[in-house]
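K.L.:
Quick one: structure below, then a few questions.
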């Protein structure tokens with residue numbers, strides 16, 4: 001099976017799963033919640049050499065075991081991949097060294113792994129959510145790798161995976177996708193943060209006038225940046241603090257960092273001189289899951 005066939009199968013299966021699991025296809029997909037809704041037992045624990053495991057009904061499942069040491073973006077992708085095994089009625093699968101960045105498209109993936117991997121992309125990045133995000137970020141036309149990085153932050157996906165999926169959706173041509181895939185996400189994070197060096201797992205979330213009433217899914221250490229003349233946080237709720245490491249830039253900006261104190265959704269108001277009204281958004285903590293799914297946050 002080639003990747004084109006895998007994506008056609010997975011795209012149909014993901015759309016059906018969105019319908020059956022009550023997923024809003026216009027926004028961020030809560031994959032851990034979807035695992036629960038699908039009736040799978042969910043568990044997460046540190047596993048040095050594994051991304052995840054899917055146990056089929058034939059092996060006392062259905063259940064998924066996730067690596068609790070993964071960052072939230074990688075764990076979300078792994079959860080979607082394991083859910084894909086279930087939705088597609090696959091056998092028990094142990095997913096270890098299946099990094100798309102290393103082995104994408106070289107023919108070495110088994111068919112069931114190809115369709116589960118493609119399912120993860122279509123499940124986490126439904127076309128309506130992609131189009132809505134691009135409309136907010138760049139009027140629907142991604143013109144720079146920073147636009148793709150910002151879209152990935154809205155969807156809770158990896159930069160490289162988002163680049164590939166935009167090509168699948170025919171929203172990015174193959175040449176540009178190849179060029180942009182070579183760019184380091186760390187370089188994009190630093191660029192959006194005004195040249196600052198950030199911890200490896202810290203993400204940058206850009207706030208604009210189009211962010212009004214959006215939900216920002218962030219983990220501790222992530223940075224929120226509002227750029228524009230007079231940009232300012234009207235107030236910072238518990239769990240958010242002014243980012244003191246923000247470097248001076250030519251473009252005025254306000255920056256805040258998510259702290260470990262963020263446990264409940266926090267409402268944040270941001271103003272700027274060029275905005276008609278203050279932007280209000282909700283910051284939601286999304287950290288890697290650990291333990292059994294009965295204690296996972298929704």
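Residue numbers (full-length UniProt numbering): 1 to 298.
Note that the Cβ used here is the ideal one computed from N, Cα and C, for glycine as well.
To the nearest angstrom, how far is it from the Cα of residue 285 to the Cα of residue 42?
P.N.:
As a working mapping, residue 285 is identified with position 285 in the chain shown. As a working mapping, residue 42 is identified with position 42 in the chain shown. In a straight line, the C-alpha of residue 285 is about 19 angstroms away from that of residue 42.
K.L.:
From the DSSP output, in three-state form, read off residue 29 for me.
P.N.:
On the chain shown, position 29 is the one that residue 29 refers to. Three-state DSSP puts residue 29 in coil, outside helix and strand.
K.L.:
If you drop the 5 nearest sequence neighbours on each side, which residues of the same chain put their C-beta closer than 7 angstroms to that of residue 7?
P.N.:
Numbered from its first residue, the chain shown carries residue 7 at position 7. These residues qualify, in order along the chain: 118 and 168.
K.L.:
Measuring straight from C-alpha to C-alpha, what distance separates residue 273 and residue 297?
P.N.:
Translated into the one-based positions of the chain shown, residue 273 becomes position 273. Translated into the one-based positions of the chain shown, residue 297 becomes position 297. Going by the C-alpha atoms only, they are around 37 angstroms apart.
K.L.:
Is residue 127 near the ligand NAD, going by C-beta to nearest heavy atom under 6 angstroms?
P.N.:
In the structure shown, the ligand NAD is absent, as is every other ligand, since no ligand is present at all.
K.L.:
In whole angstroms, what separates the C-alpha of residue 259 from that of residue 215?
P.N.:
Against the chain shown, residue 259 aligns to sequence position 259. Against the chain shown, residue 215 aligns to sequence position 215. Approximately 17 angstroms, taken between the alpha carbons.
K.L.:
From this set, 138, 192 and 19, which residue's C-alpha is nearest residue 171's C-alpha?
P.N.:
Residue 171 sits at position 171 when you count from the first residue of the chain shown. For the residues 138, 192 and 19, the minimum Cα distance to residue 171 belongs to 138.
K.L.:
What does residue 54 pair with, by DSSP beta-bridge criteria?
P.N.:
Taking the first residue of the chain shown as position 1, residue 54 is located at position 54. 64 and 93, per the DSSP bridge assignment.
K.L.:
Would DSSP call residue 127 helix, strand or coil?
P.N.:
To locate residue 127, count along the chain shown from 1; it is residue 127. Residue 127 falls in the helix class under three-state DSSP.
K.L.:
Would you tell me roughly how many angstroms separate the C-alpha atoms of residue 16 and residue 196, rounded to the nearest one?
P.N.:
Mapped onto the chain shown, residue 16 falls at position 16. Mapped onto the chain shown, residue 196 falls at position 196. Straight-line Cα distance between these residues: approximately 42 angstroms.
K.L.:
Locate the alpha helix (DSSP H) running through residue 175, then write down its first and last residues.
P.N.:
Residue numbering aside, residue 175 sits at position 175 when the chain shown is read from its first letter. From DSSP, the alpha helix (DSSP H) with residue 175 extends over 174-181.
K.L.:
Near residue 20, which residues of its chain fall below 7 angstroms by C-beta distance, leaving aside the five closest residues on each side in sequence?
P.N.:
Position 20 of the chain shown, counted from the first residue, corresponds to residue 20. Counting only Cβ-Cβ distances below 7 angstroms, and skipping sequence neighbours, we find nothing.
K.L.:
Could you pull the start and end residues of the alpha helix (DSSP H) that residue 77 belongs to?
P.N.:
By 1-based counting over the chain shown, the position of residue 77 is 77. Residue 77 -> alpha helix (DSSP H) spans 72-87.
K.L.:
Which runs of the alpha helix (DSSP H) at least 4 residues long sit entirely within the region 137-169? Give them in chain order.
P.N.:
For the region 137-169, whole alpha helix (DSSP H) runs of length 4 or above, ordered along the chain, are 145-155 and 159-168.
K.L.:
Please work out which residues of its chain come closer than 6 angstroms, Cβ to Cβ, to residue 230, disregarding the five sequence neighbours upstream and downstream, and give them in chain order.
P.N.:
Along the chain shown, read from residue 1 onward, the residue named residue 230 stands at position 230. Closer than 6 angstroms at Cβ, skipping near neighbours: 272 and 273.
K.L.:
Could you check which residue in 51, 202, 193 and 238 has the C-alpha nearest to that of residue 226?
P.N.:
One-based indexing of the chain shown puts residue 226 at position 226. Cα-wise, what sits closest to residue 226 is 193.
K.L.:
Could you tell me whether the region 46-60 touches the region 71-89, using the rule of 3 or more Cβ pairs below 8 angstroms?
P.N.:
They touch, by the three-pair rule.
K.L.:
Since residue 261 and residue 238 should fall inside the 8 angstroms C-beta cutoff, what is the C-beta to C-beta distance between them, to a whole number of angstroms?
P.N.:
In the chain shown, the residue the question calls residue 261 occupies position 261. In the chain shown, the residue the question calls residue 238 occupies position 238. Contact holds; Cβ gap of about 6 angstroms.
K.L.:
Given that a residue counts as buried once 16 or more other Cβ atoms are within 10 Å of its Cβ, and exposed if not, what is residue 46?
P.N.:
To locate residue 46, count along the chain shown from 1; it is residue 46. Counting Cβ neighbours within 10 Å, residue 46 comes out exposed, since fewer than 16 surround it.
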